[in-house]
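Residue numbers (mature numbering (1 follows the signal peptide of the UniProt record, and there is no 0)): -23 to -1, 1 to 812.
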């Protein structure tokens, strides 16, 4: 299981950024972009210095910074209405790169600087200390280096300093102790060293303190217990030691307390019950506890923390049994991690009271007995980690009632009996691991055919029998399939070739026979393939040498015969194993195979055969050329370099500015669409984020992925990538990224709202004609040139989008219909619901 700390990394920073943007947009003093005809020359020259040090500006923000426009109207600049002095510089998420000039200190009326989420580099100039009116400084998510400027001590009005996610080094300057008005103090995700200063305890107004993911050492100062206004406190990912400061229990307004991944010792005090507002308490990966049976007694006191949503205690020194008092924890609890300790005994039945639990982490303990039926009552569970314990008995069928499960880990236990077919009811399951148990019987087709599985299916090291069901071909999005070290027999099903996303396929240590099916040539992204120690026979197929991503191939201890290729992976002896196949020959010298005997002299071909074959080849080439020419005139697939690998949740959050309202394009029944910018190439995209609380949304995501991967046309809205993961709270997250259409929908051009009336937004006759032709071309492709004809069924102006050249693209295949055969028989028509 991913620990709760990594699932929620930077949650605080992103939430805090909403607050910072609000401060910038509302103004920390009265400010306006309206400007008089004259301004301050010192401010103008300082801004031009700033512009001259910009090295990258893909959005061309700096183009507006010129003498034809008053500097108060430049993008990101706001001025005072009384004297035209610059009061805020807000260049949030503009993809700018460059350094900050010393002349920034000349903007002496600045109250706010927001450079969040750019690529600024270099050191922060000491001249920033001349900004004595500065109240807000947000430098988060850049690449600044060097030390924190000690001259910031002169900025006595500072209430917010946020510089998380940079490369700042050194200790926190003692001079900053004079900034008594600080409300937010954030330097997480840097390379800061030394101790946490005790003088931070004097900041009586401090609400948020985050120093996570640095190199701080020493103890947590007791003086921090004086921060009576503190609400958010994060120190995870450092090298802190010592015991937890009991004085923090008196900070009654604490909401987030995250000290994960340190070396804290001792016990958690029972007086944490005073923290009525606490909703996140995370001590994962420390040295808390003493390996004693009463280590977990403090849990009973947490029953008073009725707002608690996250409780992280994994990978510490806890022993004893899980107390029944966990059933008294907050019913708001969503994440509970206590894995990788030495806890024994059974799971208390009172756990059924935690009705909102999404992620339960009990892995890596000494828990035993059967899995209680109380687990089956946790209907909101999305992640269940019971692996590496001593559970026994059958896998309970009621697990199939947990239909929201996305991850189920039960490996390395003592489960026995067959795999319950009811697991096939978990239609959202993406990752399933039942390996290293005592399971027997056949693999249920309901489980191996679960099309939602998109990360991993591992059932290795059991005693499963029977053949591999052909339903394995339903796993179109699966990355890893491991059925190794069982007693499976029969042939490898040809349907396995439909698992086009497979990167790792392990079938070794079974009793499989027959030849390697030719259909496996379609596994173009396969990186590991192991079918060793089986009863496979026949020649090694040539297509294995053409799989460009294949890095590891193990065919050893089978009965393969014939000549081994010297191409592709077979040219690297360290990447391939073929020992134990006595009938193989040839290959590169490093494989140490005998030479192949020369082939017998072949009979000359009959002249009639030669002529017939030649005519057939010429005819086939003519047909192929015709098809290619026709396809070039009707549709063009986007070049391969326009396709992107899947984005992570962090990249999506960053690209959409934290799903900000400013980036929201529109919303529908199954989700919302945000404007975003890809981090690798700066490309603008439209990101559709699924509302997985809506019934059918998860299935819609899978169906649209299946549909859009097979259609390509210049007048269809192009999909760029997809993401299926979890967010930072461990919730299931799915989205699709499409090409961004700069001119919006056709509906807005044909039927603008009263507040959108614009003489420049009128379609000429030629534009209307071209749009109609574009739509007709898209429909012609869908009806006549797809592998399976598709009828859109929901064509309307709002589903036609216009790019910057006013080229039309048809999108939203929510009511599309596949015509499975050219027949008037309605039974041959398949309709699927998307958005």
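Cβ atoms here follow ideal geometry from the backbone N, Cα and C, with glycine treated the same way.
Identify whether residue i lies in helix, strand or coil by the three-state DSSP scheme.
i: residue 211; result: strand
i: residue 270; result: coil
i: residue 246; result: coil
i: residue 236; result: coil
i: residue 20; result: helix
i: residue 106; result: helix
i: residue 187; result: strand
i: residue 448; result: helix
i: residue 78; result: coil
i: residue 265; result: coil
i: residue 547; result: helix
i: residue 589; result: In this predicted model, residue 589 has a pLDDT of only 46, less than 50, meaning its place in the structure is not dependable; the value taken from the coordinates is given anyway. Reduced to three states, the DSSP call for residue 589 is helix.
i: residue 94; result: coil
i: residue 466; result: strand
i: residue 813; result: Any question about residue 813 goes unanswered here, given that the chain covers just -23 to 812.
i: residue 384; result: strand
i: residue 142; result: coil
i: residue 306; result: coil
i: residue 697; result: strand
i: residue 256; result: coil
i: residue 786; result: strand
Rounded to whole angstroms, what is the Cα-Cα separation between residue i and residue j?
i: residue 182; j: residue 136; result: 9 Å
i: residue 294; j: residue 670; result: 37 Å
i: residue 35; j: residue 304; result: 54 Å
i: residue 525; j: residue 491; result: 25 Å
i: residue 887; j: residue 117; result: One cannot answer for residue 887 here, as it falls past the ends of the chain, which runs -23 to 812.
i: residue 331; j: residue 270; result: 24 Å
i: residue 309; j: residue 531; result: 49 Å
i: residue 60; j: residue 18; result: 12 Å
i: residue 211; j: residue 139; result: 14 Å
i: residue 101; j: residue 143; result: 11 Å
i: residue 429; j: residue 421; result: 15 Å
i: residue 538; j: residue 562; result: 8 Å
i: residue 459; j: residue 341; result: 21 Å
i: residue -18; j: residue 775; result: Residue placement at residue -18 is flagged as unreliable, the pLDDT there being 40, under the threshold of 50; the coordinate-derived value follows with that caveat. Between residue -18 and residue 775, the C-alpha separation is close to 40 Å.
i: residue 535; j: residue 553; result: 14 Å
i: residue 720; j: residue 729; result: 13 Å
In terms of residue numbering, what span does the beta strand (DSSP E) encompassing residue i cover?
i: residue 529; result: 529 to 531
i: residue 422; result: First-last for residue 422: 422 to 425, but that is the alpha helix (DSSP H), not the beta strand (DSSP E).
i: residue 90; result: 89 to 91
i: residue 38; result: First-last for residue 38: undefined, no H or E at that position.
i: residue 514; result: 512 to 516
i: residue 661; result: 661 to 667
i: residue 417; result: 415 to 418
i: residue 297; result: 296 to 298
i: residue 481; result: 481 to 483
i: residue 505; result: 505 to 507
Got a sec, what are the start and stop residues for the alpha helix (DSSP H) residue i sits in?
i: residue 723; result: 723 to 727
i: residue 743; result: 742 to 757
i: residue 629; result: 626 to 632
Taking the CB atoms as reference points, tell me whether residue i and residue j lie closer together than 8 Å.
i: residue 701; j: residue 407; result: yes
i: residue 316; j: residue 335; result: no
i: residue 119; j: residue 155; result: no
i: residue 376; j: residue 343; result: no
i: residue 174; j: residue 151; result: yes
i: residue 129; j: residue 153; result: yes
i: residue 489; j: residue 464; result: no
i: residue 232; j: residue 249; result: no
i: residue 275; j: residue 244; result: yes
i: residue 461; j: residue 483; result: yes
i: residue 759; j: residue 767; result: yes
i: residue 297; j: residue 273; result: yes
Notebook entry, point to check: Should the region 358 to 373 be regarded as contacting the region 625 to 640, the criterion being three or more beta carbon pairs within less than 8 Å?
Noted result: no
Notebook entry, point to check: So, do the region 745 to 759 and the region 707 to 718 have three or more beta carbon pairs nearer to each other than 8 Å?
Noted result: no
Check: Can we say the region 477 to 484 touches the region 502 to 515, given the rule of at least three CB pairs closer than 8 Å?
Finding: yes
Check: Is it true that the region 43 to 56 meets the region 93 to 112, where meeting means three or more beta-carbon pairs spaced less than 8 Å apart?
Finding: no
Checklist line | Cβ contact (3+ pairs, closer than 8 Å) linking the region 61 to 75 and the region 36 to 44 | finding: yes
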